[in-house]
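Let me begin by presenting the structure, written as structure tokens, before commenting on it.
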Amino acid sequence: MSTSSNNCAGVVADTTGNPLLVNAGLPPFADIRPEHVAGAVQCIVSRSREILQQVESVDTDGWSALMQPLEAIDLLFEYGWGPVEHLLSVCSTDELRAAHESVLSQIVELRLALRQSEPLYRRLLRLRETVGRDGSETRRRIVERMIQSAEQSGIALQGPQRERFNEIQQQLSQLATDFSNHVLDATKAWQLDLTSADAVAGLPESLRRLMAAGWSRAAEHAGKPAATAESGPWRITLDQPCFGPFMEHCRDRGLRETVYRAYITRASAGQVDNGPLIARILQLRREQAGLLGFECFADLSLSQKMAGDVAAVQQMFDRLLQASFDQAKRELEELTELATQQGHTGSLAQWDIPYWAERLRE
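In numbering that gives the first Met the number 0, the protein residues as written are 0 to 361.
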């Protein structure tokens, strides 16, 4: 069953040339624009529902008869929706966010329709009885996970319970998007400009170039001269390529503390405060888990993982603590000794450890 963009011809008017509908090779990220999202999602939804209807109307058992059309749906998501979510996380814009938000409910609704399809679920149950007879443990595991996914997506729920489950899933998807956007916005909003050469003493040239480039981008819009790696000014941001190396190489302990505290308190106040979102997510997850017969969300989540239950996770933590605590203590003592020899007084704080660990490595 082909999944090329030609399958969507006639579904929407602007699919021709839509880079999100090129279902081959690597995604053409440079060509993707916010205006491509709606047309691509309309195509994904239309084509996926068409394939699902075919799957539901055919009663043929067998691996290929079922998995090939389902794989075609997966490819539509992978090429048409995956790049959108990736771009939203790495180079978000207001236009892309608006495009994403306008179609998110359609994507969630489609995924629920796939997982809550009773004819598909019955075919999976029958396939489970026969798969693996050829010795393929991989196929058996795939079918088991698909059945489990359906069961944990509300396949057994009916009437008001299923409606409520789906409402919760829509809300959780929007909350997760809002949470990520808040972190991105908070990260982008914070910056600290340095003008003193003493403040950047010890920083690698590559980091100083990066920081100078950050200043220069802003200076260009303000009509100010560009910065240089040698003379600055230098702009610190909370983006990982800047934050990580800065914490490892900045000699100024006060600056390290300032940057560290800014990093760990992102999205914790004002319009981007994720606190209320976290509380709502926890509430909805608990309710959703209860609808599926679980005591709490942790039990639901772990039922899909190797650990299996909360007790197994706690046992793993206990074993890790026993195996690593003494070594971690020795390493911290080694860092403290080195720092003391270099003039540091007192214990090491969180913003000190990356710096002294890098000195020890050197």
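Note that the Cβ used here is the ideal one computed from N, Cα and C, for glycine as well.
Query: CB-CB under 8 Å to residue 227, same chain, minus the five flanking residues each way: which ones, in chain order?; Result: 211
Query: What residue does the alpha helix (DSSP H) around residue 284 start on, and which one ends it?; Result: 274-290
Query: So is residue 287 buried or exposed if we call it buried at 16+ other beta carbons inside 10 Å?; Result: buried
Query: Which residues does DSSP list as the beta-bridge partners of residue 233?; Result: 193
Query: Buried or exposed for residue 149, please, with buried defined as at least 16 other CB atoms from any protein chain shown within 10 angstroms of its CB.; Result: buried
Query: Tell me residue 137's beta-bridge partners as DSSP assigns them.; Result: Its beta-bridge partners do not exist; DSSP assigns none.
Query: Evaluate the contact criterion for the stretch 256-268 versus the stretch 192-207: three or more CB pairs, one atom per stretch, below 8 Å.; Result: no
Query: Kindly list the residues whose CB is nearer than 7 Å to the CB of residue 307, restricted to its own chain and excluding five residues on each side of it in sequence; keep chain order.; Result: 301
Query: Taking C-beta to C-beta, are residue 232 and residue 194 nearer than 7 Å?; Result: yes
Query: Among 333, 47, 62, whose alpha-carbon lies nearest the alpha-carbon of residue 116?; Result: 47
Query: Could you pull out every unbroken alpha helix (DSSP H) segment of at least 4 residues lying fully inside the stretch 280-352, listed in chain order?; Result: 296-301, 309-340
Query: Please classify residue 119 as buried or exposed, where buried requires at least 16 neighbouring CB atoms within 10 angstroms.; Result: buried
Query: Inspect the CB distances between the stretch 278-287 and the stretch 170-180 and report whether three or more fall short of 8 Å.; Result: yes
Query: Any heavy atom of the ligand HEM within a distance shorter than 6 Å of the CB on residue 327?; Result: Because no ligand of any kind appears in the structure shown, any question about the ligand HEM cannot be addressed here.
Query: Are there 16 or more other CB atoms within 10 angstroms of the CB of residue 42, so buried, or fewer, so exposed?; Result: buried
Query: Can you name, in chain order, every residue of its own chain whose Cβ lies under 6 Å from the Cβ of residue 72, other than the five neighbours on each side?; Result: 47, 50
Query: By the three-class DSSP mapping on this structure, what secondary structure does residue 92 have?; Result: coil
Query: Is the stretch 62-80 touching the stretch 90-98 in the sense that three or more CB pairs, one from each, lie closer than 8 Å?; Result: no
Query: Could you spell out where the alpha helix (DSSP H) holding residue 253 opens and where it closes?; Result: 252-263
Query: Which whole-angstrom value is the C-beta distance of residue 146 and residue 127, which I expect to be below 8 Å?; Result: 6 Å
Query: If you drop the 5 nearest sequence neighbours on each side, which residues of the same chain put their C-beta closer than 8 Å to that of residue 99?; Result: 36, 83, 84, 87, 176
Query: Contact defined as beta carbons within less than 8 Å: I believe residue 338 pairs with residue 350. What is the distance between those atoms, to the nearest angstrom?; Result: So it is not a contact: roughly 12 Å between Cβ atoms.
Query: Using C-beta distances below 8 Å, list every residue in its chain close to residue 95, excluding the 5 sequence neighbours before and after it, in chain order.; Result: 33, 36, 83, 86, 87
Query: Report the partner residues of residue 227 according to the DSSP bridge assignment.; Result: 231
Query: Where does residue 218 fall in DSSP's three states?; Result: helix
Query: In chain order, what residues of the same chain have a beta carbon less than 6 Å from the beta carbon of residue 78, not counting five sequence neighbours either side?; Result: 22
Query: The alpha helix (DSSP H) that contains residue 127, what's its start and end?; Result: 117-129
Query: If we cut at 7 Å on Cβ distances, does residue 27 have a partner in chain B?; Result: Given the protein chain composition of this structure (a single chain), no chain B is represented.
Query: What span of residues does the alpha helix (DSSP H) with residue 56 cover, start to end?; Result: 34-56
Query: Would you check if the distance between the CB atom of residue 236 and the CB atom of residue 190 is smaller than 7 Å?; Result: yes
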